[in-house]
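J.: The structure under discussion is supplied below as C-alpha cells; questions concerning it will follow.
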Amino acid sequence: MLTLHHLEYSQSFRILWLLEALGAEYELKSYNRDPESNLAPDDYKALSPLGTAPVVTDGDLVLAESNAIIDYILDSYPESPLNPVAGHKDRARHLFWYHSSPGSLMNLQSIAMILGLLEARSPWPISSLLKSVFGQVRKLFLNPRLTAMLKLMEHDLGTQPFFGGDQLTSADITLVYPMYAARDKGLFEDGFPNVAAWFARIEAFDSFKAARAKDDRPHIAFRF
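If you want our numbering, it's the 1-based position in the sequence shown plus 1.
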C-alpha cells in the first residue's frame, strides 16, 4: 500500500489532499520538524536525504518531488477529473498552472526567502551591502515577475473557478502550498477578490477538510 510520509507544515499537504480527493487507500506516517533547526528529523532524512517533502513509498519504490508523486498516483486513476485528458477543453490551462507552481511561483518565493535569509544572517557591514544589491534584484527581477503572475492568477480565476478550469484539478492541488505561503506573506491583501473566492472554494471541499483534519495543525501555514 502507498504510504505518505508527511512532514508538518510542508508541501506534503498537497499529496494528503490529493489522496483524500481520490478516495484512495493509503497509510499516513507523520513527522515533526526539529524544534531547533526547523528541518526534517533524521528518520525522515533516511527516506529523503535532502530532507525534502513530500515522500511516498510504494513497495520498494521511494519517490520524492510533489508533481512527480501526483503524476505517479494519478497514473492509477486514468478516469479522474483531477487530470484533464488530452483533448479536454481545459487541458492546456490545467497544464500551464500545474507546471507554473514549481516552475515559477515557488521559484520566485524561494529566491525571495534566500535573499531575506542572507540579509538577516550576515554580519554588518555585509548585510548593509546585501540589502542594497538585493533591493535591485527585487526591483528589477523578483517583484515584476511575481506581480505579473499574481495578476494573471486573478484574471484567470475570474474566467473560471479553478486553476484547472471549471472543476478542481491537480493544478489547484499543487498550487495550494505556494498560494497559502503567498497569502501568509500578505500578497493577496488588496485587489484579489477572485483569488479570495478560490481559497473559499477549495476550503469547502470535504476532501480538503479531511486532509486538514489528518494534518492536525491549528491553521494552514507552510514553511519555505
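Every residue, glycine too, gets a C-beta built ideally from N, C-alpha and C.
Taking the alpha-carbon positions, what's the R122 to L40 distance?
T.: Your numbering for residue 122 matches position 121 in the sequence shown. Your numbering for residue 40 matches position 39 in the sequence shown. Spanning the two alpha carbons is a distance of roughly 17 Å.
J.: Check whether the region 158-171 and the region 87-96 are in contact - that is, three or more C-beta pairs closer than 8 Å.
T.: yes
J.: Would you list the residues sitting across from G24 in a DSSP beta bridge?
T.: The residue you call residue 24 lines up with position 23 of the sequence shown. DSSP output for G24 lists no bridge partner at all.
J.: What is the DSSP secondary structure of D167, reduced to helix, strand or coil?
T.: Along the sequence shown, read from residue 1 onward, the residue named residue 167 stands at position 166. Correct three-state label for D167: coil.
J.: Would you give the residue range spanned by the alpha helix (DSSP H) that H89 belongs to?
T.: Taking the first residue of the sequence shown as position 1, residue 89 is located at position 88. DSSP places H89 in no alpha helix (DSSP H); its state is neither H nor E.
J.: If you pair each beta-carbon of the region 184-204 with each one of the region 117-131, do three or more pairs fall below 8 Å?
T.: Judged by Cβ distances under 8 Å, the region 184-204 makes no contact with the region 117-131, as fewer than three pairs qualify.
J.: The beta strand (DSSP E) with A54 in it runs from where to where?
T.: Sequence index remark: in the sequence shown, residue 54 carries index 53 (1-based). First-last for A54: undefined, no H or E at that position.
J.: Can you name, in chain order, every residue of its own chain whose Cβ lies under 6 Å from the Cβ of L116, other than the five neighbours on each side?
T.: Here residue 116 is taken as the residue at index 115 of the sequence shown, counted from 1. Non-local beta-carbon contacts of L116 in its own chain, meaning distances under 6 Å to residues more than five positions away in sequence, involve F135 in chain order.
J.: Apply the 10 Å Cβ neighbour rule to F209 and answer buried if 16 or more other Cβ atoms are within range, or exposed otherwise.
T.: Residue 209 sits at position 208 when you count from the first residue of the sequence shown. Burial call: buried.
J.: Taking the beta strand (DSSP E) that L158 falls in, what are its first and last residues?
T.: Along the sequence shown, one-based indexing puts residue 158 at 157. Counting along the chain, L158 falls outside any beta strand (DSSP E), though it belongs to the alpha helix (DSSP H) covering 144-160.
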